[in-house]
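Student: Sharing a structure here in structure tokens format.
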Amino acid sequence: MAGDGTPIRTQARIRYQKICDCYKKHGILHCNCKRKFSQPDCNIGWDSSRDCYFNGYHLYMYVASDSDNDLPVFPLLERASRHDMLSFLHSFFKMRRWLPEFNVTKILLDAAHDAVYRYFLKEGITPFIDLNKGNTGKRIYMDTFTVNADGVPVCRKGLKMHSYGSEPDRNRHKWRCPLAGKDGCKCDEPCSDSAYGRVVYTKTKDNPRIFNTPARDTKAWKDEYAKRTSVERSNKREKEDYQLENGRHRSTKMWYCRLYAIMMCQHLDAWEVPDTDNFQSETLD
5 MAGDGTPIRT
15 QARIRYQKIC
25 DCYKKHGILH
35 CNCKRKFSQP
45 DCNIGWDSSR
55 DCYFNGYHLY
65 MYVASDSDND
75 LPVFPLLERA
85 SRHDMLSFLH
95 SFFKMRRWLP
105 EFNVTKILLD
115 AAHDAVYRYF
125 LKEGITPFID
135 LNKGNTGKRI
145 YMDTFTVNAD
155 GVPVCRKGLK
165 MHSYGSEPDR
175 NRHKWRCPLA
185 GKDGCKCDEP
195 CSDSAYGRVV
205 YTKTKDNPRI
215 FNTPARDTKA
225 WKDEYAKRTS
235 VERSNKREKE
245 DYQLENGRHR
255 STKMWYCRLY
265 AIMMCQHLDA
275 WEVPDTDNFQ
285 SETLD
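Under the working numbering, the first residue of the sequence shown carries the number 5, and numbering increases by one thereafter.
Rendered as structure tokens:
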């Protein structure tokens with residue numbers, strides 16, 4: 005499953021109605037009295053893609069990343085000012101309460117969610133989360149080794165060690181000297197007396213944020229994380245193709261009705277779209 009947030013603009017400005025008589029009696033146009041809001045769960049947020057502020061919702065969407073049609077699973081409309089991380093926490097636990105039979109084994113998230121590894125490991129969910137580049141750097145590991153931003157051990161000569169597979173039972177990953185081969189280690193300053201070359205094990209429990217299983221530097225991790233774009237394609241289809249933001253509703257209930265109708269259309273489209281093999285054969289014929 006992949007998750008991500010996207011801004012939903014509902015109107016140009018906040019809608020409210022004055023319930024005081026400051027203007028009628030005293031001519032005060034901008035007073036601080038209480039107001040009645042038509043959409044109290046909307047507020048102002050920042051849209052980084054459009055480079056502007058907007059008034060509306062922050063839609064957090066979950067998508068089945070292993071589906072061929074980027075099918076949506078669960079949405080939640082949050083206030084526009086909410087960060088992706090806070091929206092994820094609220095929506096994820098609400099989804100687990102409303103869909104208790106839904107079994108999540110892997111979750112794909114972007115760097116904004118770089119803080120929830122231990123919870124996923126406790127629940128038996130494999131996290132694939134991009135690292136927050138603002139909180140990385142070299143780290144000392146096992147006294148003589150440093151770890152780069154991808155969680156790969158770097159030897160004293162500054163060379164990245166080669167991945168030699170994972171041990172899921174022990175929850176650790178094996179790394180071997182990059183200069184070691186069948187004929188032994190060819191380093192001019194070997195850091196191990198063994199002919200096999202130096203071996204380092206990175207344990208997930210030491211730092212679940214850095215030491216993932218599979219490791220970030222491996223093809224298995226990159227291939228799996230590449231599926232995260234499914235949620236972005238799904239959000240694009242809802243906002244651009246089905247024009248989600250063109251609604252003129254003044255209640256969250258009506259926005260949910262519009263959103264769920266669009267999601268139903270996405271599932272109906274998946275029923276009608278042929279699979280790749282049939283599509284190619286029909287096109288070639």
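Even for Gly, the Cβ is constructed at its ideal location relative to N, Cα and C.
#1: Just reading off the alpha helix (DSSP H) that C261 is part of, what are its end residues?
#2: Could you tell me how far apart the beta carbons of H117 and D88 are, in whole angstroms, since I believe they sit closer than 8 Å?
#3: On the DSSP bridge list, what partners appear for D8?
#4: Starting from the Cα of S170, find the closest Cα among W179, K209, A184, K164 and give me that residue.
#5: Report the option in F58, L263, R220, T222 whose CA atom is closest to the CA atom of N239.
#6: Leaving out five residues on either side along the sequence, give the residues of the same chain with a beta carbon under 6 Å from the beta carbon of S95.
#7: Could you check which residue in M5, A16, A6 has the C-alpha nearest to that of R252?
#8: Mark I32 as exposed unless 16 or more other C-beta atoms lie within 10 angstroms of its C-beta, in which case mark it buried.
#9: Indicate whether R176 and K207 have their beta-carbon atoms separated by less than 8 Å.
#10: Check whether the region 49 to 60 touches the region 219 to 235, counting contact only when three or more Cβ pairs, one atom from each stretch, lie closer than 8 Å.
#11: Let me know the secondary structure DSSP gives S285 once reduced to three states.
#12: Using 8 Å as the threshold, is the C-beta distance between V67 and A6 below it?
#13: Alpha carbon to alpha carbon, how far is S44 from K209?
#14: Return helix, strand or coil for V108, following the three-state DSSP convention.
#15: If we count the other Cβ atoms within 10 Å of its Cβ and call it buried at 16 or more, is V277 buried or exposed?
#16: Identify whether S170 lies in helix, strand or coil by the three-state DSSP scheme.
#17: So is E236 in contact with chain D if we call contact Cβ pairs under 8 Å?
#18: Under three-state DSSP, which class holds V235?
#19: Out of D25, V151, K38, I12, which has the shortest C-alpha to C-alpha gap to Y61?
#20: In three-state terms, what does DSSP make of K178?
#21: The beta strand (DSSP E) spanning F215 covers which residue range?
#22: For a minimum of 4 consecutive residues, which ranges assigned as the alpha helix (DSSP H) are wholly contained in the region 18 to 49?
#23: When the Cα atoms are used, what is the spatial distance from G9 to Q284?
#24: Would you decide whether M165 is buried or exposed? Buried here means 16 or more other CB atoms lie within 10 Å of its CB.
Tutor: The structure says:
#1: In the sequence shown, residue 261 corresponds to position 257, counting from 1. Per DSSP, the unbroken alpha helix (DSSP H) holding C261 starts and ends at 256 to 276.
#2: Here residue 117 corresponds to residue number 113 of the sequence shown, with the count starting at 1. Here residue 88 corresponds to residue number 84 of the sequence shown, with the count starting at 1. Confirmed, Cβ separation roughly 7 Å.
#3: Position 4 of the sequence shown, counted from the first residue, corresponds to residue 8. Partner(s): M65.
#4: Taking the first residue of the sequence shown as 1, we reach residue 170 at position 166. The residue with the shortest Cα to Cα distance from S170 is W179.
#5: Here the question's residue 239 lines up with position 235 in the sequence shown. Of F58, L263, R220, T222, the residue nearest in Cα terms is L263.
#6: Residue 95 sits at position 91 when you count from the first residue of the sequence shown. Closer than 6 Å at Cβ, skipping near neighbours: Y64, L80.
#7: Here residue 252 refers to the residue found at position 248 of the sequence shown. Residue nearest to R252 within the set M5, A16, A6 is A16 (criterion: CA-CA distance).
#8: Here residue 32 corresponds to residue number 28 of the sequence shown, with the count starting at 1. Exposed, by the Cβ-count rule.
#9: For this step, residue 176 is matched to residue 172 along the sequence shown. For this step, residue 207 is matched to residue 203 along the sequence shown. Yes, the pair counts as a contact, with Cβ atoms nearer than the cut-off.
#10: With a cut-off of 8 Å, the region 219 to 235 and the region 49 to 60 do not count as touching, because too few Cβ pairs lie within range.
#11: As a working mapping, residue 285 is identified with position 281 in the sequence shown. DSSP places S285 in helix when its eight states are reduced to three.
#12: What you label residue 67 is simply residue 63 of the sequence shown in a count that begins at 1. What you label residue 6 is simply residue 2 of the sequence shown in a count that begins at 1. Yes, Cβ-Cβ distance for V67 and A6 is below 8 Å.
#13: Within the sequence shown, the letter at position 40 stands for residue 44. Within the sequence shown, the letter at position 205 stands for residue 209. It should be noted that the sequence gives Pro, not Ser, for residue 44. The alpha-carbon atoms of P44 and K209 are separated by roughly 43 Å.
#14: Indexing the sequence shown from 1 puts residue 108 at position 104. In the structure shown, V108 sits in coil (DSSP, three-state: anything other than H, G, I, E or B).
#15: Along the sequence shown, one-based indexing puts residue 277 at 273. Here V277 is exposed. Its C-beta has fewer than 16 other C-beta atoms within 10 Å.
#16: Counting from one through the sequence shown, the residue named residue 170 turns up at place 166. Strand, per DSSP.
#17: In the structure shown, chain D does not exist; there is a single protein chain.
#18: Against the sequence shown, residue 235 aligns to sequence position 231. Three-state result, V235: helix.
#19: Reading the sequence shown from its first residue, position 57 is the one you call residue 61. If we check each option's Cα against that of Y61, I12 comes out closest.
#20: For the purposes of this step, residue 178 is identified with residue 174 of the sequence shown, where counting begins at 1. Taken through DSSP and simplified to helix, strand or coil, K178 comes out as strand.
#21: Locating residue 215 in the sequence shown gives position 211, where the first residue counts as 1. F215 -> no beta strand (DSSP E), and no H or E assigned at all.
#22: 26 to 30
#23: Taking the sequence shown and counting its residues from 1, the one referred to as residue 9 is at position 5. Taking the sequence shown and counting its residues from 1, the one referred to as residue 284 is at position 280. For G9 and Q284, the distance between alpha carbons rounds to 34 Å.
#24: Sequence index remark: in the sequence shown, residue 165 carries index 161 (1-based). By the neighbour-count definition (other C-beta atoms within 10 Å, threshold 16), M165 is a buried residue.
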